[in-house]
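> Residues -21 to -1, 1 to 392 (mature numbering (1 follows the signal peptide of the UniProt record, and there is no 0)) are what the sequence shown spells out, left to right.
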Amino acid sequence: MWLLTAVIAACLAMPLRYCLCKPLPAAIRQQWKLRLLGDLIKFVIGLAHVMERLGLGHHVKAARESSKGLEGIAEKLTGKPGAGDLAVSDAVFNSVPVRVYRPLTSAEGHLRRGLLYIHGGGWAYGSAKDGAYDQGCRKMSRDLDMVVVSVDYRLYPESCFPTPFLDCLTAAKHFLSPEVLAEYAVDPQRVAVSGDSAGGNLAAALAQQIAMDDGMRVKFSVQALIYPALQALDFNTPSYQQNRDMVVLNRPVMVQFWLQYLGADLSLKPHFLANRHSSDVAPELKARADWTTLLQPKYCKDYLPVRDEEHRKMQRILDEIPGLLDVRAAPLLAGPEVLAKCPRAYVMTCEYDVLRDDGLMYARRLSDAGVAVAAEHHPDGFHACFSLTTWPFTFDVGVRAFGAYVQWLRDNL
């Protein structure tokens, strides 16, 4: 009941929000709906922190439960999605829980496409069973006549790097085994790995790891990355500066997600925001995430690099948080010899997203390494829009982005 009250209160507060808040970029459509979504997210997170102070558990766990409550309200209003022409089942791939979506229609003796999907949520939220991810995977499976495996990897605060990556790697190796592919009637030459946001991070890291593993008989054919988070060295790229206060995902929240994922002291947040943590990184590694050389001028605009050279005593951060330079956590830092072995790629980015430049830089580096890359940029897009395709938060750009993604997989997998 309190969640329904929160939704109603957020709606009633919208006129006041328009008067008091910084306007959203004019290119973004359906702004009132995006404002409402942002208000709901803030309310859930704020309430979760209050619950934590009252001794009712970690705020991330509380926020997850509240999100499930909101999904329950939506399901009562719209109805729970049925399996229809799909076989949807929960399974365990070598101790890692997954949800499998299989078309029930006859394949007429032909093998199907396969997709390993990894959900986003800042390595702290989300689930293969979540409404948006569940519905998205159902639609992928139907539209592409494809077997989809969605991974339920462990999350913060229960786990941090490298556990989520290792969970996904375990599930990937199990799925790619010839025996399992045969069980699901999947063509070994047509298996993709994909994910959005934090899931895009894990998907990119998996694509690299599997590509370099000479012991794998079957490897991913393509990788499809949706606004992936790929590096934690520079939180002042042009997109981080431009979209620092955007709704849904702003710069401080993304830094918080990275600190949590890497198991770092959260009090370091001001240092990360000022780029003090990367002052002593080797020039060769810095060059792999140097937006001044990797981005087109139209994305750089008039923004300047942020380097805090006055804090040269931050070397301890690199020693205490080795994940900062670990390519399994930061795929953008991989060497050209690794990228050259990666499968062809689809990289989707959104103009109004702090992670825009991570994706653009990765697409550039993959292309420079000789990998075929399709870079899909949405000038009116914002973070999370790919998952916003169903009522009540249906966005035109989300429907368009999802459609472009499905079409690319149809043409390239």
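We put the CB at the ideal spot given by N, CA and C, even for glycine. Source: prediction; values computed, not measured.
For my contact list, V165 and G93 are in at a C-beta cut-off of 8 Å; report their separation, rounded to the angstrom.
4 Å
> If you count every other CB in all the chains shown that lies within 10 Å of the CB of A355, and 16 or more means buried, which is it?
Before going further, note that residue 355 is Glu rather than Ala in the sequence given. So E355 counts as buried.
> Given Q168, which residues of its chain have a CB within under 7 Å of its CB, disregarding the five upstream and five downstream residues?
S200
> Which residues does DSSP list as the beta-bridge partners of F372?
F372 pairs with nothing; no bridge assigned.
> Alpha carbon to alpha carbon, how far is S173 from V285?
32 Å
> Using a Cβ-Cβ cut-off of 9 Å, state whether A309 counts as contacting chain D.
Annotation note: the requested chain D is absent from the structure, which comprises a single protein chain.
> Report all residues from its chain with a CB closer than 6 Å to the CB of W237; omit the five preceding and five following residues, and keep chain order.
Closer than 6 Å at Cβ, skipping near neighbours: A211.
> Compare the beta carbon distance of L83 and A66 with 9 Å and say whether it is the shorter of the two.
It is a contact, given that the beta carbons lie within the stated cut-off.
> Can you tell which of P322, M225, Q187 has its C-alpha closest to the C-alpha of L209?
Q187
> With T328 as the anchor, note down where its beta strand (DSSP E) starts and where it stops.
Taken as a continuous stretch (DSSP letters only), the beta strand (DSSP E) holding T328 covers 323 to 331.
> In the structure shown, what three-state DSSP assignment does M191 receive?
helix
> At 4 residues or longer, what runs of the alpha helix (DSSP H) sit wholly inside the stretch 188 to 245?
217 to 221, 230 to 240
> Please confirm whether L26 and A41 have their CB atoms less than 9 Å apart.
yes
> Can the beta-carbon of V350 be found less than 9 Å from the beta-carbon of L339?
No, the Cβ-Cβ distance between V350 and L339 is not below 9 Å.
> Helix, strand or coil for E355? Go by DSSP, reduced to three states.
strand
> Following the continuous alpha helix (DSSP H) through Y341, name the residue where it begins and the one where it ends.
Per DSSP, the continuous alpha helix (DSSP H) segment holding Y341 begins and ends at 335 to 347.
> Pick from V128, G110, K47: whose alpha carbon is nearest that of V79?
The option with the nearest alpha carbon to V79 is V128.
> What residues in its chain sit with their C-beta under 7 Å from that of L264, if we drop five residues either side in the sequence?
Cβ-Cβ distances below 7 Å link L264 to L304, L312 in the same chain, with the five nearest sequence neighbours on each side left out; the list follows chain order.
> Would V376 and N229 be called neighbours here (beta carbons separated by less than 9 Å)?
no
> Out of S156, P136, D131, which has the shortest C-alpha to C-alpha gap to L145?
D131
> Specify the secondary structure class of P284 as computed by DSSP and reduced to three states.
coil
> Which residue marks the beginning of the alpha helix (DSSP H) containing G25, and which one marks its end?
10 to 32
> Give me the Cβ distance between R323 and L123, rounded to the nearest whole Å; I'm assuming they're in contact under 8 Å.
Not confirmed; about 17 Å, so no contact.
> Please list the terminal residues of the continuous beta strand (DSSP E) segment that includes Q168.
165 to 175
> Would you kindly report the start and end of the unbroken beta strand (DSSP E) that includes L65?
65 to 72
> Starting from G104, follow the beta strand (DSSP E) in both directions and report where the run begins and ends.
Per the sequence presented here, residue 104 reads as Tyr, with Gly not at that position. Careful: Y104 lies outside any beta strand (DSSP E) and carries neither H nor E.
> Take E316 as the anchor and find which of L345, D337, P136 has the nearest alpha-carbon.
L345
> Got a sec? Which residues, its chain only, sit under 8 Å from Q9 by beta carbon, not counting five neighbours each side?
F374, D375
> What's the C-alpha gap between F72 and D337?
30 Å
> Between C(-3) and the rest of its own chain, which residues show a CB-CB distance below 7 Å, the 5 nearest in sequence each way excluded?
Because C(-3) carries a pLDDT of 41, less than 50, the predicted location of this residue cannot be relied on, and no value is offered for it.
> In this structure, does DSSP put V(-15) in helix, strand or coil?
Confidence in V(-15) is poor, its pLDDT being 45 and thus under 50, which makes the residue's placement too unreliable to answer from.
> Helix, strand or coil: which one does DSSP assign to V306?
coil
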